[in-house]
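2 protein chains.
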Amino acid sequence: MLGEFEYLIITAAAGLGERAYGATIREEIEASGRSCSIGALYTTIDRLEAKGLLKTWMSDATPERGGRAKRMVSITPSGVNAAKEFYETVMRISRGASWVANQSRSVL
Amino acid sequence: MLGEFEYLIITAAAGLGERAYGATIREEIEASGRSCSIGALYTTIDRLEAKGLLKTWMSDATPERGGRAKRMVSITPSGVNAAKEFYETVMRISRGASWVANQSRSVL
DNA sequence: CCATTACTCACACAATGTAGTACTAACAAT
DNA sequence: ATTGTTAGTACTACATTGTGTGAGTAATGG
Chain A
622 MLGEFEYLII TAAAGLGERA YGATIREEIE ASGRSCSIGA LYTTIDRLEA
672 KGLLKTWMSD ATPERGGRAK RMVSITPSGV NAAKEFYETV MRISRGASWV
722 ANQSRSVL
Chain B
622 MLGEFEYLII TAAAGLGERA YGATIREEIE ASGRSCSIGA LYTTIDRLEA
672 KGLLKTWMSD ATPERGGRAK RMVSITPSGV NAAKEFYETV MRISRGASWV
722 ANQSRSVL
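Protein chains in written order, with the numbering used here: chain A, 622 to 729; chain B, 622 to 729.
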């Protein structure tokens, strides 16, 4: 099973599409109010890659100040599956919990 | 932040209400298709109690064969908050993800 | 006394977090 | 042009927290 942080990274990367790499993923995560240390980010990316849930490759350096080569990220089909399963597990578990709003609406 | 298993236990206990203790929580979890070893269960209950997210106490023995005293569980207000936050974090993160169905409906 | 129900313990492994290091390129000063 | 400074990026080693295992122990009713 994915951890919450792993899910977070996969989801952010999926949303960023072609623009996904360490720094943009981090911004995305912190923008949602969750802190994301650099180290935690890369170790998790490594682990996810080892599990085959995403793949990475080095791009060429861009002509920006400090434009070091980026480690680009994209989600594999397995990665999408894993994320989907995580999401559905949380949904299933949560069914009926008092802190879940609007439970009846989902049926309408 | 809660782990997935911690969330699972809090949710199961919340659903069971007065009847929540080790064995019923375990049944509840396994009924949802997720395995739940005894050891993992109690370790996690211990940790959650240490964090103040739930409280436990020993009940009297029941008059059933083998009816040993049970370690009853109930969720504290902090526990409800933590669960709620976990749920909302996952929801917020997931907004827009391709694997989430019916995204428009939530607005209606 | 023994089958049943339930909990405890000791440890192993996996996921997440922190802090610090190192590399690259633009920019600025000389 | 050379050098130093700074910003953007990636990597590594270690610390902490979360999850898993299953044998072992205790209490109770028959």
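Glycine is no exception: its CB is placed at the ideal position from the N, C-alpha and C atoms.
* Identify the contact partners of A635(A) in chain B, using a Cβ-Cβ distance below 8 angstroms as the criterion. => In chain order, A718, S719 make up the part of chain B whose C-beta sits under 8 angstroms from the C-beta of A635(A).
* Out of curiosity, what's the CA-to-CA distance linking N702(A) and D667(B)? -> When rounded, the distance between both Cα atoms is 32 angstroms.
* Please state whether DSSP places T677(A) in a helix, a strand or coil. => In the three-state reduction of the DSSP assignment, T677(A) falls in the strand class, which pools E and B.
* **Nearest-angstrom Cα separation, counted from S658(B) out to S719(A)** => When rounded, the distance between both Cα atoms is 26 angstroms.
* Asked: Is there at least one Cβ from chain A nearer than 9 angstroms to V711(B)'s Cβ?
  -> Any Cβ of chain A closer than 9 angstroms to the Cβ of V711(B) would place that residue at the interface, and such an atom is present.
* Asked: With 16 other CB atoms within 10 Å as the buried threshold, where does S715(B) fall?
  -> The residue in question, S715(B), is buried, as its Cβ has 16 or more Cβ neighbours within 10 Å.
* Exposed or buried, R640(B), counting other C-beta atoms within 10 Å across all chains shown (16 or more means buried)? -> It counts as exposed.
* **6 angstroms Cβ shell around R647(B) - same chain, five flanking residues per side excluded** => A distance below 6 angstroms between beta-carbons, with the five flanking residues on each side excluded, links R647(B) to the following residues of its chain, in chain order: C657, L662.
* Asked: For the stretch 644 to 677 of chain A, which residues have a CB atom closer than 9 angstroms to at least one CB atom of chain B, in sequence order?
  -> Per Cβ criterion, the list reads I650, S653, G654, R655.
* To do: Please report the residue range of the beta strand (DSSP E) in which M622(A) lies.
  => Element bounds for M622(A): n/a, residue is neither H nor E.
* Around the C-beta of A652(A), are 16 or more other C-beta atoms found within 10 angstroms, so that it is buried, or is it exposed? -> For A652(A), the number of other beta carbons within 10 angstroms of its own is below 16, and it is reported as exposed.
* Asked: Less than 9 angstroms separating the beta-carbons of K691(A) and A682(A)?
  -> Taking 9 angstroms as the Cβ cut-off, K691(A) and A682(A) qualify as a contacting pair.
* Asked: When you compare only the Cα positions, how much space is there between E709(B) and T665(A)?
  -> Our two residues, E709(B) and T665(A), have alpha carbons roughly 22 angstroms apart in a direct line.
* Give the DSSP-derived three-state secondary structure of S658(B) in the structure shown. => Coil, per DSSP.
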